[in-house]
Every structure is written in structure tokens, then in C-alpha cells.
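**Student:** Quick note: the sequence shown uses my numbering, first residue 1382, plus one each step. From the three backbone atoms N, C-alpha and C, an ideal C-beta is built for every residue, glycine too.
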Amino acid sequence: MSGHVTPNDLPPINELDEYTSHIPELQTDTSVLAGSGGPANFQASALANRTKYLKRTLDSVSQELIEIDRSIAAAQQSANVAKQGADASMKKSANGSDIVNPAAFRASIGLSNAMLRGDFGWGSKAKNVGDSVNLFDYFTRDRPADVYWVNQTGINRPPDFADCVLLWNPIEHADFYGCLLAIGFTTHGAKTATIGVANGVWETSWNVGWDARNLSPVTANTNQVIHALKVYMANWASLILMPEALGQPSYLQGNDFDGLTRWTLGYQDINTNHLTLRNNKAGVAMTMHSDRNIYMSCDDFVLTDAKGFVRNTAAEPALANISAVLDYYASEQSMGSTRDDAGNVWRTHISARHRGGNGNQEPTADSQNFGFAIVDDNMTSAYYQINVVKQVNGVWQQAVGLYHTGNTTADANGFLKVASPVVKLFGAGTSELNTESEGVVTARIDRGVYRISGCLGLNADLAWGGLEGGIVGPRCRNGLERLWIDYDVEQDGSIVIRTYHRTHPNAMPFARNARDGYVEGDPIDIPTDTFLSIRVQMPAREATHYVPIVEPSVRHSNVYCNTVSPIQ
1382 MSGHVTPNDL PPINELDEYT SHIPELQTDT SVLAGSGGPA NFQASALANR
1432 TKYLKRTLDS VSQELIEIDR SIAAAQQSAN VAKQGADASM KKSANGSDIV
1482 NPAAFRASIG LSNAMLRGDF GWGSKAKNVG DSVNLFDYFT RDRPADVYWV
1532 NQTGINRPPD FADCVLLWNP IEHADFYGCL LAIGFTTHGA KTATIGVANG
1582 VWETSWNVGW DARNLSPVTA NTNQVIHALK VYMANWASLI LMPEALGQPS
1632 YLQGNDFDGL TRWTLGYQDI NTNHLTLRNN KAGVAMTMHS DRNIYMSCDD
1682 FVLTDAKGFV RNTAAEPALA NISAVLDYYA SEQSMGSTRD DAGNVWRTHI
1732 SARHRGGNGN QEPTADSQNF GFAIVDDNMT SAYYQINVVK QVNGVWQQAV
1782 GLYHTGNTTA DANGFLKVAS PVVKLFGAGT SELNTESEGV VTARIDRGVY
1832 RISGCLGLNA DLAWGGLEGG IVGPRCRNGL ERLWIDYDVE QDGSIVIRTY
1882 HRTHPNAMPF ARNARDGYVE GDPIDIPTDT FLSIRVQMPA REATHYVPIV
1932 EPSVRHSNVY CNTVSPIQ
């Protein structure tokens, strides 16, 4: 056999017990078994070869293991050296004072691609989401986490933010969760706000981040002294005070430099709904009481920039009758409206009282005994029924009415007469109405014949001549009548006016009222330079102001003869 043994050199060994169990007992000098070709020698030779092979193989493997151990030790030593070098290098990077080439240094430790590749690194720029984009539609579950930006056209940006950098962070989850951070960087400087989406539903409003501009130090939960002006800006409540328990006091307090209270404003007592402004130094206070009254604690109430003071009276509850209304006028200086239940009428008034109607602040209590009131006796009517009533020594005097342009008029001759309701009738059949005669319609029927409808005949005001008055015609400069006037009242209350030419033959020639083509008594239109003033009786709405006329349903009149004749 050669010196190198391979598995092919090993003949098969008969491993049956009858051959192997007694191998140590084999004798080479046994002629039968131990001969050169005997089975014992063959078996022993094969066993020896196998043992030799196994030993050499074991020696080879042992040598390889030794080499591996040496390699491991060397690698460990190299790793330790590399770690020490890396530790030292990272310590240097904290200040970079002894790094000759920072870029090469970053590349040597593997940062060149990780930090400068763009995404989430420092070598790229925020992505523009586009114009007029709704951020809540843009940022979805599938939108990758990244840095974006939106301009001032973006929809659902944080309030008062202009251009914003947006950091979008969705999470890996079966449902839609994420958060969006906005950083405003133009208008009003840098500021932040956040908003989240949970299970696909966005929060209803942005949460604005507090920083040195809007936080320090007033919102911290500590006692503080702030030596600066603070301005709170909001469209609604800029500052809210809240007690720590229901019904406890809640107010603002101003102290003097010595620490003593100077003023307070708010709810200053437990379980009372009184809002009080108090000058603690002067002992003056004004309280808006829970009983809806305002109480002044002071020596006098002085208006430096006004001539007086009135209270806007309460319209309700109603007063029982006119006597109660007058008592109310005497009780305080005020203006407003009151309702008289007995008369079922609303009245508006201005009541001026002696000493302002506040007798308890004067040496005597006569403020309720003197004063006057200007009263509109029917607030809901379009008619100006203005009266003045005066109180002397506690007794109300007879009221007087005011004449004004609404209830007086100048007739065709310039004289002032009680007016309402008055129709000014012109020659063409047109007319001019006042407020009380609204609804009247006039028309020219024929020469010198006119119809006035929408009324109930003439008004019987004595200032206009009583029952047969109510019509005033034009006069010349010498006071002479220019027309004969007649009228009829029809069954529906309409008035038919007839005008005739009137002359004065005994007068001076220039005053005779002679006109070419007309003789005494001819029908003639109302002259174009003048008009008839006719005071009419209006239906229903005027019934409370005037006494209605009760006469035959149809009549005619000669206003100059002062006679009345029923029509046959």
C-alpha cells in the first residue's frame, strides 16, 4: 500500500460478529486463519488501513480548526480597531474642528447616499401640491409620507396661514390614520399647526402651536408677573374668566403698586348674579343686579357731555287706564311707549320731571309733583295726534293739542285752518291730498263739475263753517269771491262740486271779475291759478278723531245762503 490512503483503498470489512468479536485473539502463526491469505490477516489489514485514514483525516481537520481560530482572532482584533477608530471619528464630528474633508468623512462612514439622496434627506426640496388644492382630499391613506408645500390658494389651510410647508405622516394600518404638520413661513413669520385624521375622519379644526410669539409666559399654569403690554385679538371673546366651581366669584381686579386693591369688575359674590364695577379707592360702584335693575352707589350722577338724561321706559306690562299712565309719567323722567288697557291704545311720550324725577337724591321729594309730558296719543295711527299735558303741585292740567302741518292747512286765500283731512281740488280735476285724506279720488266731469269719491261727505268742523262749511273758494286781492260754489252728497258719500262764474258789478272795474265769454252764473272751471280747499269726512279710521255727521243720505247746499234742501 502507498503512503496516502483514500476511501477506495479500504476493502470492505466483514462485520459479522463471528468475524469481528474475536479479532484481538487472532494469531498470525495460525496456519489456517492467520496465513497470508487467511481471513484474519485480511481483516486486520483492512482495519489498520481504516484507522490510519481516520487519524490522518482528524489531523487535517484539527489543523483547519486552528487556522479558523486564528482568523477569528484576527478579525476580532480588526473589528475592535475599527470600532475605536469610528468612536474617535464620531467624537470629532461633534465639532468638526479636525476633520479635513467633511464630505470625504461622511462618505467614509456611509452617509453620502443616505442623507443626500433626496427623500427625507437634505438634498431635495418640498413638493408643491398645486394650486387651489383641498388638503383633506390631497392627503390620503395612499399619499406617501414626505415633505410638501402649498401656496395661499390651498383650501383648508390653517387659519391666518399663507404659504405652508406640510409634513405628511400616514401610518401603516388597515384604516386611514395620519397627521399633518403645517409650518407657515411667509405672513407673520414662521408658525405651526397640526391636524389629524382618525379612521378616515379629519379633525374639525387645526391645532395652532404655541411658541415664543404667542405663549410666553401668560398661559403657563403658574403665578406670574408680566412687565409688558399684552394684546388679545379675536372676533368674538378675546378673554374668558371661569371660576373653579359653580357659582363662585369670577372677576378682574386691579391693584395699586403697593398691592392694595384699586378696582374690580365682575361677579364678586358667591352664588349671586350681580355684575359690579367698583372703584375701591373712592367707594363708588355700579351694579347690574339680577333683578334687571342698575344700582349706582355714588353721591351724584353727572353727565359732563350731555344736557340731561332720560330712561327708555318699558313698554310692558300695560297700564290699567289713563290715570295710571299719568302716574307713571310722574314717577320718573323717561321716554318710550306705554299701553293703556282701558283705551286699548298705545301712547309714546317724552316725560320731563322736576329734579330729574329722582326725589330721593334731593332735599325735598317734590320731583313727582312738577313736570310735563309730550304725548302721541295713538302710536299705531298715521295721524299726528300730539298733546302736551302738564303737572303742577301734583295735579295734572287739561291737555292741549298741538297744531302742525299735518292738521292745519293754508286755504286758497292763505288763511291757516284745521286741515285734516283736506283735499285741494284744481281746475283740471286733479287734487293734492294730505295723510288723512289718502284714498280720495277726484275727477272733472264737465265744465265746472267735479266728483270727489272715497269719502263720506263734508266734515262738520266749525272752523270751516260747520255742517255747511268745509269748502273754501278763492278770493281776489280785494277779498271778493271769484266763484259761486254748490255741491251735492251722493248716497255713497261722494261729493259733486259745481262752480259758476261770479261777478261784482258794483265794484270798481278792476274788481268786478268780468271775463270774456262768461256772464254771471255761467258754469266755469276753477281758475288755473288757484284751487278749492275741501275738508271731507273719511270713513272708519277717522272716527276716533272726529264726530261723524248724521244727516239725510243725499243733500245739496247753497253755502252762501246757508240753506239745506233734501233732493226730491
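What does N1509 pair with, by DSSP beta-bridge criteria?
**Tutor:** BP columns for N1509 point to W1530.
**Student:** Quick one: Cα of H1554 to Cα of V1528, how far?
**Tutor:** When rounded, the distance between both Cα atoms is 21 Å.
**Student:** Let me check understanding here. Comparing Cα to Cα, which of R1863, T1719, N1840 and V1917 lies closest to A1892?
**Tutor:** Minimum Cα distance to A1892 is reached at R1863.
**Student:** Please report the Cβ distance between R1538 and L1516, rounded to the nearest whole angstrom; I am assuming they are in contact, meaning their Cβ atoms lie under 8 Å.
**Tutor:** Yes, R1538 and L1516 are in contact; Cβ-Cβ is about 7 Å, under 8 Å.
**Student:** Once you ignore the five residues that flank M1760 on each side, which residues in its own chain have a CB closer than 7 Å to its CB?
**Tutor:** Result list for M1760: S1718, W1727, R1728 and T1729, in chain order.
**Student:** Judging by CA-CA distance, which residue of T1911, L1913, H1885 and V1606 is the nearest neighbour of E1901?
**Tutor:** Closest option to E1901, Cα to Cα, is H1885.
**Student:** Taking only three categories from DSSP, how would you classify F1753?
**Tutor:** Strand, per DSSP.
**Student:** If you run the structure through DSSP and keep just helix, strand and coil, what is V1606?
**Tutor:** Coil.
**Student:** Counting C-beta neighbours from all protein chains within 10 Å, is the total for N1725 16 or more, i.e. buried, or is it exposed?
**Tutor:** Classification of N1725: exposed, given that the 10 Å Cβ count is below 16.
**Student:** Shorter than 9 Å from the beta carbon of P1886 to some beta carbon of chain D?
**Tutor:** Here chain D cannot be found, since the structure has a single protein chain.
**Student:** Specify, as a first and last residue, the run of the alpha helix (DSSP H) that L1814 falls within.
**Tutor:** Element bounds for L1814: not the alpha helix (DSSP H) but the beta strand (DSSP E), S1812 to L1814.
**Student:** Check whether the Cβ atoms of L1547 and I1536 sit closer than 9 Å, and answer yes or no.
**Tutor:** Contact flag unset, no.
**Student:** Quick one: any contact between the segment 1872-1883 and the segment 1897-1915, if contact means 3 or more CB pairs under 8 Å?
**Tutor:** With the cut-off at 8 Å, the segment 1872-1883 and the segment 1897-1915 touch.
**Student:** Starting from I1826, trace the beta strand (DSSP E) both ways and give me its first and last residue.
**Tutor:** Segment V1822 to D1827, the beta strand (DSSP E) holding I1826.
**Student:** Which two residues bound the contiguous beta strand (DSSP E) that contains S1678?
**Tutor:** Segment I1675 to S1678, the beta strand (DSSP E) holding S1678.
**Student:** Could you tell me which residues DSSP pairs with H1730 in its beta bridges?
**Tutor:** The partner list for H1730 (beta bridge, DSSP) reads G1717 and V1756.
**Student:** Kindly indicate which three-state DSSP category S1914 falls into: helix, strand or coil?
**Tutor:** Reduced to three states, the DSSP call for S1914 is strand.
**Student:** Any idea which residues DSSP pairs P1904 with across the strands?
**Tutor:** P1904 pairs with Y1881.
**Student:** From which residue to which residue does the beta strand (DSSP E) around A1631 run?
**Tutor:** First, the residue type needs correcting, since residue 1631 is Ser and not Ala in the sequence shown. Run containing S1631: S1631 to N1636, per the beta strand (DSSP E) assignment.
**Student:** CB-CB under 6 Å to S1704, same chain, minus the five flanking residues each way: which ones, in chain order?
**Tutor:** Contacts found: none.
**Student:** Taking the alpha carbon of A1791 as the point to measure from, which residue in V1781, G1782 and K1805 has its own alpha carbon closest?
**Tutor:** Closest by alpha carbon: K1805.
**Student:** Can you check whether the CB of G1577 is closer than 9 Å to the CB of G1590?
**Tutor:** No, they are not a contact pair.
**Student:** On the three-pair Cβ rule with 8 Å, is the segment 1868-1876 touching the segment 1831-1841?
**Tutor:** Result yes; three or more Cβ-Cβ pairs closer than 8 Å.
**Student:** Please state whether the Cβ-Cβ distance between A1666 and T1653 is less than 9 Å.
**Tutor:** The answer is no: Cβ separation not under 9 Å.
**Student:** Answer with buried or exposed for F1638, where buried requires no fewer than 16 other C-beta atoms within 10 angstroms of its C-beta.
**Tutor:** Exposed: under 16 other Cβ atoms inside 10 Å.
**Student:** What is the rounded straight-line gap between the Cα of L1839 and the Cα of S1748?
**Tutor:** Roughly 47 Å between the two C-alpha positions.
**Student:** Are R1522 and F1557 closer than 9 Å when you measure CB to CB?
**Tutor:** For R1522 and F1557, yes; Cβs fall inside 9 Å.
**Student:** Going by C-alpha distance, which of Q1778, A1754 and G1775 is nearest I1767?
**Tutor:** Ranking Q1778, A1754 and G1775 by Cα distance to I1767 puts A1754 first.
**Student:** Just to confirm the assignment, what range does the alpha helix (DSSP H) spanning L1656 have?
**Tutor:** No alpha helix (DSSP H) holds L1656; the beta strand (DSSP E) holding it covers L1656 to N1660.
**Student:** Please work out which residues of its chain come closer than 7 Å, Cβ to Cβ, to G1808, disregarding the five sequence neighbours upstream and downstream, and give them in chain order.
**Tutor:** Hits under 7 Å: D1906, I1907, P1908 and T1909.
**Student:** Taking 6 Å as the limit between beta carbons, can you name the residues of its chain near W1865, skipping five residues before and five after?
**Tutor:** Excluding sequence neighbours, W1865 sits near Y1881 and R1883.
**Student:** Let's test the definition: count the other Cβ atoms within 10 Å of the Cβ of M1919 and tell me whether it reaches 16, buried, or not, exposed.
**Tutor:** The residue is buried, with at least 16 neighbouring Cβ atoms inside 10 Å.
**Student:** Taking 9 Å as the threshold (C-beta atoms), are V1756 and V1776 in contact?
**Tutor:** For V1776 and V1756, no; Cβs fall outside 9 Å.
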